[in-house]
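Everything on this sheet refers to the single structure shown next.
There are 2 protein chains.
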Amino acid sequence: MLKTEITLEEMVPILKLLGDRTRLTIFSLLRTKQACVCELVEALEMSQPSISQHLRKLRDAKLVKEERRGQWIYYSINEETTHYLLVEHVLKFVPDQPDLIEKMKQAKGC
Amino acid sequence: MLKTEITLEEMVPILKLLGDRTRLTIFSLLRTKQACVCELVEALEMSQPSISQHLRKLRDAKLVKEERRGQWIYYSINEETTHYLLVEHVLKFVPDQPDLIEKMKQAKGC
DNA sequence: TGCTTATATAAGCACTTAATTATATAGTTG
DNA sequence: CAACTATATAATTAAGTGCTTATATAAGCA
Numbered sequence: 301m302l303k304t305e306i307t308l309e310e311m312v313p314i315l316k317l318l319g320d321r322t323r324l325t326i327f328s329l330l331r332t333k334q335a336c337v338c339e340l341v342e343a344l345e346m347s348q349p350s351i352s353q354h355l356r357k358l359r360d361a362k363l364v365k366e367e368r369r370g371q372w373i374y375y376s377i378n379e380e381t382t383h384y385l386l387v388e389h390v391l392k393f394v395p396d397q398p399d400l401i402e403k404m405k406q407a408k409g410c
Numbered sequence: 301m302l303k304t305e306i307t308l309e310e311m312v313p314i315l316k317l318l319g320d321r322t323r324l325t326i327f328s329l330l331r332t333k334q335a336c337v338c339e340l341v342e343a344l345e346m347s348q349p350s351i352s353q354h355l356r357k358l359r360d361a362k363l364v365k366e367e368r369r370g371q372w373i374y375y376s377i378n379e380e381t382t383h384y385l386l387v388e389h390v391l392k393f394v395p396d397q398p399d400l401i402e403k404m405k406q407a408k409g410c
């Protein structure tokens, strides 16, 4: 159920989550395709726990969703979240990161 | 000079500034009318230094501009800033705060 | 079953941030 | 000029955040 109405109090945590370089980059990548944790680790060149912790925050806020497929857990943007409209409008400004997308695709072993 | 192009790195600090309850409320109020510091202090029921420090951050990022008029310094949204387009799109979602606007108008002594 | 891989979680730490209190600056008014 | 008002700045502190290291969980495979 998408809402056009959103309170200031509801906006703040969403903007706070988007106002982080790592998380905004994750969004930029997930816009291209869903990704498992190890692909994001490769692309962002960050530790696995660090990526996982960012994903947890995004998941807790229902901004992304996860789907386990075997050993892998695929994350994708949750377009069904209540305030996706705000997220969408912000994401419109986020440029693609072709270099990172490339690195993500070359992620081996996962 | 407004830009449609904005890098991820440029977006992050803007979203970080907007992802704060006090600052987002200030924006909501400034959208209605420019305001001096003491009006914002009244409306938000926060200390003057706290409000001033938030305004400084917004000014440093060029998201608001100031204009001294006698003892008072009036703040307003800087619509000429480079990345106002992003700000504008976010602000579209921020609801008006009629109660705070009322309190702001009743600010005495300034 | 035991080993490996993918991911999550927990604990600790460094850094940042937002508030408070105190003080400084600048304009106004007597 | 002195007193007052509006605002800014500085120093301190408490809380929050993001990273690292270490460990736990869970799935796949020999």
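Chains as they are written, first to last, in our numbering: chain A, 301 to 410; chain B, 301 to 410.
Yeah, the Cβ is synthetic: ideal placement off N, Cα and C, and Gly gets one too.
Grab the span of the beta strand (DSSP E) containing isoleucine 377(A) for me, first residue to last.
Element bounds for isoleucine 377(A): 372-377.
For the stretch 338-369 of chain B, list every residue whose C-beta sits within 8 Å of some C-beta in chain A, in sequence order.
Residues passing the 8 Å Cβ filter: none.
Alpha carbons only, please: which of Leu330(B), Pro313(B), Glu309(B), Thr304(B) is nearest the one belonging to valine 394(B)?
If we check each option's Cα against that of valine 394(B), Leu330(B) comes out closest.
Could you round the C-beta distance between lysine 362(A) and asparagine 378(A) to whole angstroms and report it? I think they count as a contact, below 8 Å.
So it is a contact: roughly 6 Å between Cβ atoms.
Rounded to a whole number of angstroms, what is the C-alpha to C-alpha distance between valine 387(A) and cysteine 338(A)?
If I take the Cα positions, the gap works out to 24 Å.
Determine the direct distance from the alpha carbon of alanine 343(A) to that of lysine 403(A), and round the result to whole angstroms.
Rounded to whole angstroms, lysine 403(A) to alanine 343(A) spans 5 Å at the Cα level.
For cysteine 336(A), count neighbouring C-beta atoms within 10 Å of its own C-beta (all shown protein chains included) and say buried if the count is 16 or more, exposed if not.
Looking at its Cβ environment, which holds 16 or more other Cβ atoms inside 10 Å, cysteine 336(A) is buried.
By Cβ distance, which residues of its chain are closer than 7 Å to leucine 317(B), with the 5 residues on each side in sequence left out?
Closer than 7 Å at the Cβ level, and outside the excluded window around leucine 317(B), lie Arg323, Lys357, Leu358, Ala361, Leu363.
Below 8 Å on the Cβ atoms is my guess for serine 328(B) versus aspartate 396(B); work out the distance and round it to an integer in Å.
Serine 328(B) to aspartate 396(B), Cβ: 6 Å. Contact.
Apply the 10 Å Cβ neighbour rule to glycine 319(A) and answer buried if 16 or more other Cβ atoms are within range, or exposed otherwise.
Label assigned to glycine 319(A): buried.
Identify which residue in Ala407(B), Gln371(B), Lys405(B), Lys392(B) has its Cα closest to the Cα of threonine 304(A).
Nearest C-alpha to threonine 304(A): Lys392(B).
Here's a check: name, in chain order, each residue in its chain whose Cβ is nearer than 8 Å to the Cβ of arginine 368(B), leaving out the five neighbours to either side.
Excluding residues within five positions, the ones whose Cβ falls inside 8 Å are Tyr374.
Could you work out which residues of chain A lie near arginine 321(B), taking near to mean beta carbons separated by less than 8 Å?
The contacting residues are Leu308, Glu309, Val312.
Does threonine 325(B) pass the burial test, meaning 16 or more other C-beta atoms within 10 Å, or should it be called exposed?
Threonine 325(B) comes out buried.
According to the Cβ coordinates, are glutamate 309(A) and histidine 383(A) closer than 8 Å?
No.
If you check the beta carbons only, do histidine 292(B) and histidine 389(A) fall under 8 Å apart?
The first residue shown for chain B is 301 and the last is 410, placing residue 292(B) beyond what the model contains.
Quick check: is the beta carbon of threonine 382(A) nearer than 8 Å to any beta carbon in chain B?
Answer no: the Cβ-Cβ gap between threonine 382(A) and chain B never drops below 8 Å.
Compute the Euclidean distance between the alpha carbons of glutamine 371(B) and threonine 332(B), then round it to the nearest angstrom.
Looking at the two C-alpha atoms, the distance is approximately 22 Å.
Using DSSP with H/G/I as helix, E/B as strand and the rest coil, what is valine 394(A)?
The answer is coil: DSSP assigns valine 394(A) none of H, G, I, E or B.
Note the first and the last residue of the continuous alpha helix (DSSP H) segment covering lysine 333(A).
Here lysine 333(A) belongs to no alpha helix (DSSP H), and DSSP marks it neither H nor E.
Which residues bound the beta strand (DSSP E) around glutamate 366(A)?
Unbroken beta strand (DSSP E) run through glutamate 366(A): 364-369.
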